[in-house]
Every structure is written in structure tokens, then in C-alpha cells.
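A short worksheet on the structure shown next.
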Amino acid sequence: MKPAAFKYALPRTLPEALAVKAEHGEDAAFLAGGQSLIPAMNFRLAQPAVLIDINRLEELAFIRVDAETGDLHLGALTRHRDLQFDPVIAAAQPLLAETAPNVAHPQIRNRGTLCGNLAHADPASEFPAVMLALEARLRLQSATGERWLAAEDFFVSVFTTARDDDEMLVEVAVPAMAPRTGACFLEVARRPGDYAMMGVAAVVVLDEGGSCRDARLAYCSAGETPVAAKDAAARLIGARAAGDEIAAAAEQAGQEIAPLGSVHASVGFQRHLAAVLTRRALHIAFDRAAAAGAEAAA
Amino acid sequence: MMATLFVVTARVNGTEYKRVVEPRLLLSDFLRHELGLTGTHVGCEHGICGACTVLVDGLPVRSCLMFAPQADGREITTVEGLATGDALNPLQQAFQDAHGLQCGFCTPGILMTLTAFLADNPSPDEAEIREALSGNLCRCTGYQHIVDAVLAATGARDGAAWD
């Protein structure tokens with residue numbers, strides 16, 4: 001189908017874009033990559049009266065590591081293609097580069113943006129879960145001010161976030177990795193590029209003796225939002241790479257999440273997938289954390 | 001600043017075009033109806049089938065998931081840009097030789113996807129080719145002859161394999 005008519009705004013500065021949004025509120029939509037918005041418009045599920053194309057806002061096209069904190073800052077025009085291939089991102093947060101090829105197809109990743117993906121808040125999508133695992137912070141800006149939100153406070157429900165009608169998600173900040181951090185993303189999908197039946201982002205931080213001192217587990221297709229398995233992750237504190245705790249935590253994670261089930265995967269199968277993927281991802285993350293520690297010591 | 005009509009100037013297959021369009025016009029329809037380049041096919045119009053894939057500044061995208069104004073100032077390549085006159089390019093020729101198409105509806109999108117894929121990865125193995133094709137639906141071939149065509153085009157398989 002064809003989209004309904006709309007007025008098209010092509011602002012050249014962020015304040016200009018935010019002013020249009022402030023004026024039109026929920027009747028206006030931002031257009032970044034458009035890979036979720038345009039299909040919805042083609043089906044006329046979405047009929048914004050005003051479309052604010054932010055693709056010319058150079059001030060949102062940044063990928064940089066803060067020299068002081070080591071945090072990675074990604075502007076709203078950071079595309080999935082950048083997450084997959086940009087050397088700055090790969091060095092600072094390899095989990096982002098590892099996750100990106102799981103998101104749709106190259107034709108979609110060449111257009112789609114990280115912030116657009118997060119603002120869309122599809123619980124089956126990979127990056128919202130990765131943001132939880134990385135404890136990312138999100139910057140929302142409006143014509144009158146800005147605020148930072150933790151990723152876990154941003155996702156409210158299916159396709160619903162804490163973003164207000166006059167706000168734009170303008171930036172994602174990913175905290176620098178602590179020494180001896182390892183991360184891994186794994187998913188099971190029916191075909192490459194399909195939505196995952198289950199996906200897990202695992203992050204572990206080891207102490208100098210090789211025991212786990214911090215762990216985070218987050219899942220896509222595991223509930224109405226991206227879901228963190230906090231109790232399972234807490235169980236990993238003190239765990240070692242070869243210990244039984246990994247299998248136990250993985251089993252617990254499979255029970256802790258709240259998958260909805262679908263025609264392709266029952267709730268029970270999704271829990272099973274979560275447990276298996278978690279165990280595999282944790283083994284890889286532990287190995288990577290140990291390798292990071294060895295590299296730093298060398 | 002807000003427009004109900006928009007002037008689009010884009011270079012398509014090396015030729016510059018200028019048209020005044022409604023912003024809601026999809027790039028796929030811009031190519032087909034405004035420029036008469038009907039080689040770009042429209043299948044699902046929601047980014048699933050891949051039939052409308054074109055190259056924008058060298059990268060493959062779904063032309064049904066871009067509005068025509070977003071193509072302003074861009075360099076676009078469609079399937080019409082592949083052949084030289086009546087001479088098919090090696091990938092197109094391999095599709096013909098290997099029976100890489102039956103009804104042909106998906107073929108333009110598949111050729112554009114593969115054109116970009118082979119530019120990045122000139123000697124892919126079969127698994128990589130199948131993954132590269134995962135964003136393009138073909139309901140006739142079962143993909144096997146498409147994979148054969150790519151292997152032939154890259155010199156990995158002798159054309160005699162399907163003779």
C-alpha cells in the first residue's frame with residue numbers, strides 16, 4: 001500500500017527539528033532510518049500528519065569515545081551498518097558489532113538507526129536487550145530541555161517507551177568496559193535476519209583471581225519489553241569459568257524471563273532456548289573476559 | 001520549512017533527473033512512475049521481499065522504505081544500470097546461463113543485492129551466498145540455481161556443472 005499524505009519537514013538544525021516536534025506533538029514523527037516507521041506508514045498503521053526528516057542533522061551523526069571516561073557516545077544517526085563495521089565501536093564495545101549482523105538484512109542495516117530501533121521498542125528486537133546488558137544511558141531532548149534515562153527505565157511495554165511526545169532520543173551512551181570484561185550475544189532465529197525466537201546478551205566482569213564480580217543477562221523475545229534476568233545474573237557473582245554456577249544460572253534465567261510464546265515457539269521452548277543460549281553465551285563471555293585480562297597483563 | 005511538494009534531484013544510473021513530487025512518494029514508485037525505470041519491482045512494500053532493492057550511494061537498500069525526497073542529491077543504481085546496451089554483465093549472464101530465474105519478478109532485487117555483496121566479498125562460499133540472499137524472497141527457483149549462478153559468476157564453479 002501507499003502511505004497517507006503528510007507534510008515533510010527537513011530541518012537543518014536540531015533546535016529546528018525539536019521546535020516542529022513541540023508544535024505538533026504526537027501528530028509528528030521523526031524519520032531517521034525509517035525501517036520500522038515506513039512499513040507502518042505503507043500499511044497506514046501510522047499516519048503522522050508531519051514527518052520530520054532528521055537525516056540532514058549533522059550534529060546527530062557522531063560516534064566518539066570520551067577521552068576521560070572511555071564511554072562510547074552514539075548519535076541518533078548511528079546506523080546498524082556503523083554498529084557492525086565502525087572500528088571505534090568495535091574497539092570500545094565489541095558486543096554491539098557482534099549483535100548487529102543479527103538485525104534484519106544488510107539492506108535494512110544500511111538505513112536503520114540504533115536510536116530509531118530503541119525508540120520503536122519492539123521487544124523482539126536485539127539492541128534494546130543489549131542496551132540493558134551494557135547498562136546504556138539514553139539522552140532525550142526536547143525544545144525545552146533534556147534528560148538522561150537508564151535503558152531499563154526507558155522501555156515501558158510493547159512499542160512503548162518513556163519518551164514524551166515532544167522529545168527525541170538523540171544519543172546513547174555506553175559506559176566503558178571495566179578491565180576483564182567479556183560479552184557475548186547469541187540468538188536462535190528461523191532464518192538469518194528473522195526475528196529471534198530467543199536471544200541473549202551476556203556480560204561478565206572478572207576479578208584479578210578469575211572469579212566473576214559482576215554479571216548481566218538480558219533477553220529479546222522474552223516478554224513485553226527487553227528483559228533482564230537479575231537474579232540469575234546475581235547468582236554468577238563469585239562463579240568461575242569451569243564451575244557449575246554457569247549451568248545453574250542459565251537454568252534460572254530460563255525461568256526468570258517472561259516469554260509470550262508464538263506460533264513458531266511455545267513459551268516452554270523459549271525458556272529452553274534461553275537456558276541453552278545463556279549457558280553457551282556465558283562460557284564464551286567468561287573466556288573473553290579471561291582473554292581480556294591476559295591481554296592487559298601482557 | 002514544511003513542504004507538501006518537494007524538488008528531488010537525483011542521479012540514477014549516471015543520468016541526473018529532477019522531479020517535483022509529493023513527499024509521500026516512495027523511492028520505488030519514483031523510479032518506476034516518475035522516471036519510467038520499471039526494472040525495479042514492487043512486491044510487498046514493507047521491506048520483506050527485497051524485490052525493490054536498489055543501490056543508494058553504492059549500498060543496497062529497500063526502495064519501498066525510502067521516500068523520494070530522501071534520494072535528493074544521491075547516486076542511485078537500479079537493475080537498468082547493470083547491462084551495457086544489450087550486453088548483460090557477468091552476473092546477469094551467469095543468471096541466464098544457470099537458469100537463476102524463472103518468473104523473474106525477484107531477479108532485479110536479487111541482482112542489486114548480489115552486486116553490492118560481491119563488491120564486498122568477491123569470492124564467497126555457498127553458505128555466505130545463501131545468507132546474502134536471505135533478505136530476498138524467490139518463490140520459483142528454490143534458490144539453488146541462483147546460488148549456482150553466483151558461484152559461476154565468481155569463477156568458483158564451472159558453467160558446465162548445469163549443462
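One line per chain: the protein sequences are A and B, in this order. Quick note on numbering: the first sequence equals residues 1 to 298 in my numbering. Quick note on numbering: the second sequence equals residues 1 to 163 in my numbering. From the three backbone atoms N, C-alpha and C, an ideal C-beta is built for every residue, glycine too.
Practice item. Kindly indicate if chain B contains any beta-carbon less than 8 Å away from that of V227 of chain A. Key: Residue numbering aside, residue 227 of chain A sits at position 227 when the first sequence is read from its first letter. It does not: the Cβ of V227 of chain A has no partner Cβ on chain B nearer than 8 Å.
Point to revise | Touching by the beta-carbon criterion (3+ pairs, under 8 Å), the segment 108 to 116 of chain A and the segment 207 to 216 of chain A | key: no
Check your understanding: Which residues mark the beginning and the end of the beta strand (DSSP E) in which L37 of chain A is found?
Key -> As a working mapping, residue 37 of chain A is identified with position 37 in the first sequence. No beta strand (DSSP E) contains L37 of chain A, which is instead part of the alpha helix (DSSP H) from L37 to N42.
Review point. Measuring CB to CB, does R24 of chain B end up less than 8 Å from E34 of chain B?
Key: Here residue 24 of chain B is taken as the residue at index 24 of the second sequence, counted from 1. Here residue 34 of chain B is taken as the residue at index 34 of the second sequence, counted from 1. No, these two residues do not count as a Cβ contact at 8 Å.
Practice item. Would you list, in chain order, the members of the segment 187 to 205 of chain A that have their beta-carbon closer than 8 Å to a beta-carbon of chain B? Key: R191, P192 and G193
Exercise for review: Starting from A132 of chain B, trace the alpha helix (DSSP H) both ways and give me its first and last residue.
Suggested key: Position 132 of the second sequence holds residue 132 of chain B. It spans E126 to A132 - the alpha helix (DSSP H) in which A132 of chain B sits, taken as one unbroken run.
Exercise for review: Could you work out which residue in A:G25, A:G268 and A:A32 is closest to V50 of chain A when comparing CA atoms only?
Suggested key: Working through the first sequence from its first residue, we reach residue 50 of chain A at position 50. The closest CA to that of V50 of chain A, considering only A:G25, A:G268 and A:A32, is found on A:G25.
**Study point:** Proximal residues, the segment 102 to 122 of chain A versus chain B, C-beta separation under 8 Å
**Key:** A104, H105, P106, Q107, I108, N110 and R111
Review point. Hey, M198 of chain A and A222 of chain A: beta-carbon distance below 8 Å or not?
Key: Indexing the first sequence from 1 puts residue 198 of chain A at position 198. Indexing the first sequence from 1 puts residue 222 of chain A at position 222. Cβ distance < 8 Å, so M198 of chain A and A222 of chain A count as in contact.
Point to revise | Given 8 Å, three or more beta-carbon pairs between the segment 242 to 256 of chain A and the segment 149 to 168 of chain A | key: no
Exercise for review: Measure from the C-beta of G135 of chain B to each C-beta in chain A and report whether the shortest distance is under 8 Å.
Suggested key: Locating residue 135 of chain B in the second sequence gives position 135, where the first residue counts as 1. Yes - at least one Cβ of chain A is within 8 Å of the one on G135 of chain B.
**Study point:** As assigned by DSSP and simplified to three states, the class of R288 of chain A
**Key:** Here residue 288 of chain A corresponds to residue number 288 of the first sequence, with the count starting at 1. The answer is helix: DSSP assigns R288 of chain A an H, G or I state.
Review point. Are the segment 142 to 153 of chain A and the segment 188 to 195 of chain A in contact at 8 Å, needing three or more beta carbon pairs?
Key: Taking one beta carbon from each stretch, the segment 142 to 153 of chain A and the segment 188 to 195 of chain A have fewer than 3 pairs nearer than 8 Å; the two do not touch.
Point to revise | Cross-chain neighbours of K2 of chain A in chain B, by beta carbon under 9 Å | key: Working through the first sequence from its first residue, we reach residue 2 of chain A at position 2. Taking a Cβ-Cβ threshold of 9 Å, the residues of chain B close to K2 of chain A are R24, L25, L26, D29 and E45, in chain order.
Exercise for review: Look at the alpha carbon of C220 of chain A and the alpha carbon of A136 of chain A, and state the distance between them as a whole number of angstroms.
Suggested key: Here residue 220 of chain A corresponds to residue number 220 of the first sequence, with the count starting at 1. Here residue 136 of chain A corresponds to residue number 136 of the first sequence, with the count starting at 1. Rounded to the nearest angstrom, the two C-alpha atoms are 16 Å apart.
Review point. Quick one: does F95 of chain B have its CB under 8 Å from some CB of chain A?
Key: Residue 95 of chain B sits at position 95 when you count from the first residue of the second sequence. It does not: the Cβ of F95 of chain B has no partner Cβ on chain A nearer than 8 Å.
Check your understanding: Is the Cβ-Cβ distance between G172 of chain B and A149 of chain B less than 8 Å?
Key -> Beyond the ends of chain B as shown, which are 1 and 163, falls residue 172 of chain B; an answer cannot be given.
Practice item. Output yes if chain B places a C-beta closer than 8 Å to the C-beta of G182 of chain A; else output no. Key: For the purposes of this step, residue 182 of chain A is taken as the residue at position 182 of the first sequence. Chain B, which has no Cβ nearer than 8 Å to the Cβ of G182 of chain A, makes this no.
Check your understanding: In chain B, what lies closer than 8 Å to V50 of chain A by C-beta?
Key -> Here residue 50 of chain A refers to the residue found at position 50 of the first sequence. Chain B residues near V50 of chain A: M2.
**Study point:** Beta-carbon proximity of T4 of chain B to K2 of chain A, cut-off 8 Å
**Key:** What you label residue 4 of chain B is simply residue 4 of the second sequence in a count that begins at 1. What you label residue 2 of chain A is simply residue 2 of the first sequence in a count that begins at 1. Against a cut-off of 8 Å, the Cβ pair of K2 of chain A and T4 of chain B comes out as no contact.
Review point. Between which two residues does the alpha helix (DSSP H) carrying R235 of chain A extend?
Key: Here residue 235 of chain A is taken as the residue at index 235 of the first sequence, counted from 1. Annotation for R235 of chain A: the continuous alpha helix (DSSP H) segment containing it runs K230 to R235.
Practice item. Please decide whether A292 of chain A counts as near chain B, where near means a Cβ-Cβ distance under 8 Å. Key: Taking the first residue of the first sequence as 1, we reach residue 292 of chain A at position 292. Closer than 8 Å: no.
**Study point:** Sequence ranges, beta strand (DSSP E) only - wholly within the segment 70 to 98 of chain A, length at least 3
**Key:** 72 to 75
**Study point:** DSSP state of E22 of chain B mapped onto helix, strand, coil
**Key:** Here the question's residue 22 of chain B lines up with position 22 in the second sequence. Three-state DSSP puts E22 of chain B in coil, outside helix and strand.
Review point. From P122 of chain B to G39 of chain B, what does the alpha carbon distance come to, in whole angstroms?
Key: Counting from 1 along the second sequence, the entry for residue 122 of chain B is found at position 122. Counting from 1 along the second sequence, the entry for residue 39 of chain B is found at position 39. One C-alpha to the other measures close to 25 Å.
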